[in-house]
Structures are given as structure tokens and as C-alpha cells.
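Colleague: Right, I'll just put the structure down here and ask away after.
Protein chains: 2
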Amino acid sequence: MKSVKVVRVGHRYVRDYRTLTHLCLVSRALGAEAIYLEEVEKELQETVGEVNRTWGGDFAVVEGKWKKVFQDAKAEGRAVVHLTMYGTPLQEKIGELRKRDSFLVAVGGPKVPGEVYKLADYNIAVTSQPHSEIAALAITVHDLQRGEELKKEFGDYKLKIIPSGRGKKVEEKS
Amino acid sequence: MKSVKVVRVGHRYVRDYRTLTHLCLVSRALGAEAIYLEEVEKELQETVGEVNRTWGGDFAVVEGKWKKVFQDAKAEGRAVVHLTMYGTPLQEKIGELRKRDSFLVAVGGPKVPGEVYKLADYNIAVTSQPHSEIAALAITVHDLQRGEELKKEFGDYKLKIIPSGRGKKVEEKS
């Protein structure tokens, strides 16, 4: 598996609580190590912490300014991939991206500062249509990992789902 | 391209306005023909209508009860694919699914009625971890279409993005 971290550029907390929660949980479920947010509200931290305790793993929600997060990622050798509907189509760059081993995937929105486009190594579009940073992130990670992220096992869980064609089967660790 | 329709089972409008908007726009951007919702608020209808007028296409938001939508889909020969963290892993079923030509993809949430599991042709998990129906939908459609959906052209637009490695280029139809 490639190493993936995520950063969300920009901040509109009140309107975006559910979107931020989705971004955190998608990042975790698809095997990212951490998500960086401009500001981390306690409620969100607790929601993600509870998911870790119940379902396993040690996914981290970290407070950090995007520019510093970009700099640190580059210093670690990560490719900084900014997802934007204005960028180069994912399918044109995926081959080149897969040559890299570690990534910082940046998601933002319409109000992302112009500097983000300049400081990113890649500006990548998952379609050139308006939709959702959650979907763009999911498809990008899925393609970077060639689907391997779907098989990730999360250690140290209380509950684990036993996949089933019908109904719900859950293993509870005693 | 496969024919895809989407249905959202369940209804929690006030809390979910942004999630619903994302579900609609992701469905549209990834080439689905329509999304069915238990209740269609005017504001949502207008948001999606404005996206169609600006960026093209004729994606539809339709009011419909999930059970009727399931029945109609089956009568049309669609495979009904319910996305749930409790289901069979997508990667185990994708080969079988790709043999079908048309789909109804159902997304719900923790409070989906048990009947949904029974009436769906497939209960499919995009990871067995809690995350986001938006991400699960995106990855499922992306895999069903083998990425071809990313190349979809939308007719009759006012604005069209010219993909670009840096910055924003938009073509405006006069």
C-alpha cells in the first residue's frame, strides 16, 4: 500500500460539520494515516476517536495550517496532489502518480487560495464537473492504491463486521 | 457505459441537506441518469437544476418511495445494488456485477429497513468500515464503469472547464 495523508484546505466549520466528518471517516476507511484540518473541533475529534476505539486502527485527526502541511509533506518526499475540478484529469496522470510511494492529497473547495494550485505538485480533476470532495478523494485513493485499500485490516477493534450477502453480522471481541 | 440510477433510502432532510446535495452532484458527475429521493425539497431541486443549466446534461432528481423504485428498476432489468458496510466486499462481486448492463444503486444509512437487504439483488460493502455513502457510491460507480464515467461529456452547457495543470480555465459558451 502507498502511504497517504490528507489535508483539507480552508475552513467553514459550522456549515460543514457532516462533510468534515465524512472526509475524516473516508480517509480512515480507505487506509490514510491522518487528515490535517485548519481547526479541529472537539466534537469531531471525539467522533473519530470513538470510531477508532470501536472499529480499530489509529487514524489521526491533526490540526495544521495547509501551507506548513504541504512543506512537511514535501520534506518527507510525498507527492502533493490537490484535487480540483479545474485540474488535469485523474485518468491522464494516474500512471505517473502510481510511480510515487507516498502522497499528501489536498481537498478544498471553490474558495481555495490560488497559492494552493502553485504549491501542489499536481492539480488533479476527478471529472471537470462540480460534485463532492468526498467522492473525489475516494476515487483518487482507490486508483492510487489500485483497490488494495479496500482489503485493509484494522487492528485492535472491539467490533468487526463479518461480510454477508444478507443482513448484518458483527463479531464482538470479548 | 452502463446505465446507472441511484436511490437514497430513508429521509433525514434537515440534518442531511449537504449530504443529499453531494449525493445528487456525485451521481450526476459520474454519469448516472437520475437519483430518487423519498422527498425532494425545492431548494435541492433548484441547486441541481442550476448545475444542469450551467454545466450541461439532464440529470434528474425524482421523488419516489424506495420500494416502488426497486420494483420499477427490477422490471427494467436493472441489478439492484444496495451499498452497506455489512455487505459482501465490492472487490469480490465486481466481476459478476460487470456482466450486467444496468443498475439501481441504493444508498442508505444505519437506519435502513431490513427489507432493503432482502429486496436488493446485492448487498455490497465498500470496506466494512463506517464512512460515507457518498464515497461508497463514487467507488462503486467508478468500478462498475471501469473509469469510463470520468470521460463523460455533458451536452448543452454554458460553462465548460478546460483541464489545466495550474489555475482555472473555463470556456464560456456565447
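Protein sequences appear in the order of chains A and B. Taken in order, the first sequence gives residues 1 to 174; the numbers are from the numbering used here. Taken in order, the second sequence gives residues 175 to 348; the numbers are from the numbering used here. Beta carbons: idealized from backbone N, C-alpha and C, even for Gly. As the structure is a computational prediction, the values presented were derived from the model and not from experiment.
Check for me: the beta strand (DSSP E) holding lysine 194 of chain A runs from which residue to which?
Modeller: Here chain A covers residues 1 to 174 and nothing more, so residue 194 of chain A does not appear.
Colleague: For glycine 123 of chain A, write down the residues that DSSP places opposite it in a beta bridge.
Modeller: Contrary to the premise, residue 123 of chain A reads as asparagine rather than glycine in this sequence. A:His82, per the DSSP bridge assignment.
Colleague: Would valine 80 of chain A and alanine 106 of chain A be called neighbours here (beta carbons separated by less than 8 angstroms)?
Modeller: Yes; because the gap between Cβ atoms is below 8 angstroms, this pair is in contact.
Colleague: For the putative contact between leucine 97 of chain A and valine 126 of chain A, defined by C-beta atoms under 8 angstroms, what is the C-beta separation to the nearest angstrom?
Modeller: The Cβ separation is near 12 angstroms, so there is no contact.
Colleague: So, with DSSP's three-state summary, where would you put tyrosine 291 of chain B?
Modeller: Reduced to three states, the DSSP call for tyrosine 291 of chain B is helix.
Colleague: With a CB to CB cut of under 6 angstroms and the five nearest residues on each side skipped, what residues in its chain are close to aspartate 295 of chain B?
Modeller: If we look at aspartate 295 of chain B and ignore the five residues flanking it on each side, its Cβ neighbours are Ala253 and Val254.
Colleague: Taking C-beta to C-beta, are valine 4 of chain A and tryptophan 66 of chain A nearer than 8 angstroms?
Modeller: Cβ atoms of valine 4 of chain A and tryptophan 66 of chain A: not closer than 8 angstroms.
Colleague: Which of helix, strand or coil does DSSP assign to alanine 280 of chain B?
Modeller: Strand.
Colleague: Given that a residue counts as buried once 16 or more other Cβ atoms are within 10 Å of its Cβ, and exposed if not, what is alanine 135 of chain A?
Modeller: Buried, because 16 or more other Cβ atoms sit within 10 Å of the Cβ of alanine 135 of chain A.
Colleague: Among B:Ala208, B:Ser302 and B:Asn297, which has the Cα closest to the Cα of phenylalanine 233 of chain B?
Modeller: Among B:Ala208, B:Ser302 and B:Asn297, the Cα nearest to that of phenylalanine 233 of chain B is on B:Ala208.
Colleague: Considering only C-alpha positions, which residue in the set A:Leu30, A:Glu43, A:Ser174 and A:Phe103 is nearest to leucine 20 of chain A?
Modeller: Closest by alpha carbon: A:Glu43.
Colleague: Below 8 angstroms between beta carbons: does that hold for leucine 30 of chain A and phenylalanine 70 of chain A?
Modeller: Not closer than 8 angstroms, so no.
Colleague: If you reduce the DSSP assignment to three classes, tell me which class isoleucine 139 of chain A lands in.
Modeller: Here isoleucine 139 of chain A sits in helix by DSSP.
Colleague: Nearest-angstrom Cα distance between valine 62 of chain A and glycine 238 of chain B?
Modeller: Each residue's alpha carbon lies about 41 angstroms from the other.
Colleague: Just tell me which of A:Glu38, A:Gly114 and A:Ser27 has its CA closest to the CA of lysine 68 of chain A.
Modeller: Closest by alpha carbon: A:Glu38.
Colleague: Taking only beta carbons into account, state which residues of the segment 223-245 of chain B come closer than 8 angstroms to chain A, listed in chain order.
Modeller: Hits within the stretch, in order: Val225 and Trp229.
Colleague: Interface residues of chain A around arginine 340 of chain B at Cβ under 8 angstroms?
Modeller: The answer, in chain order, is Tyr117, Lys118 and Asn123.
Colleague: Buried or exposed: which applies to glycine 57 of chain A, given that a residue is buried once 16 or more other Cβ atoms fall within 10 Å of its Cβ?
Modeller: That one is buried.
Colleague: If you measure from the beta carbon of lysine 176 of chain B to each beta carbon in chain A, is any gap under 8 angstroms?
Modeller: With 8 angstroms as the cut-off, lysine 176 of chain B does not count as an interface residue toward chain A.
Colleague: Short of 6 angstroms in beta carbon distance, which residues of its chain neighbour leucine 293 of chain B, apart from the five on each side in sequence? Order them along the chain.
Modeller: Counting only Cβ-Cβ distances below 6 angstroms, and skipping sequence neighbours, we find Phe244.
Colleague: Only counting the same chain, and skipping five residues up and downstream in sequence, which positions put a Cβ closer than 6 angstroms to that of valine 40 of chain A?
Modeller: Hits under 6 angstroms: Val61 and Glu63.
Colleague: Using a Cβ-Cβ distance cut-off of 8 angstroms, determine whether leucine 271 of chain B contacts chain A.
Modeller: So no, leucine 271 of chain B is outside the interface.
Colleague: Which value, in whole angstroms, describes the spacing of the CA atoms of arginine 18 of chain A and valine 48 of chain A?
Modeller: Their backbone Cα atoms lie some 12 angstroms apart in a straight line.
Colleague: Does the Cβ of valine 243 of chain B lie closer than 7 angstroms to at least one heavy atom of the ligand HEM?
Modeller: Among the ligands in the structure shown, none appear at all, so the ligand HEM cannot be discussed.
Colleague: Name the DSSP bridge partner or partners of glutamate 362 of chain B?
Modeller: Since the first residue of chain B shown is 175 and the last is 348, residue 362 of chain B is not available in this structure.
Colleague: If we require 3 or more residues per run, which beta strand (DSSP E) segments fall completely within the segment 149-174 of chain A?
Modeller: If we require 3 residues or more, the beta strand (DSSP E) runs fully inside the segment 149-174 of chain A come out as 159-161 and 170-172.
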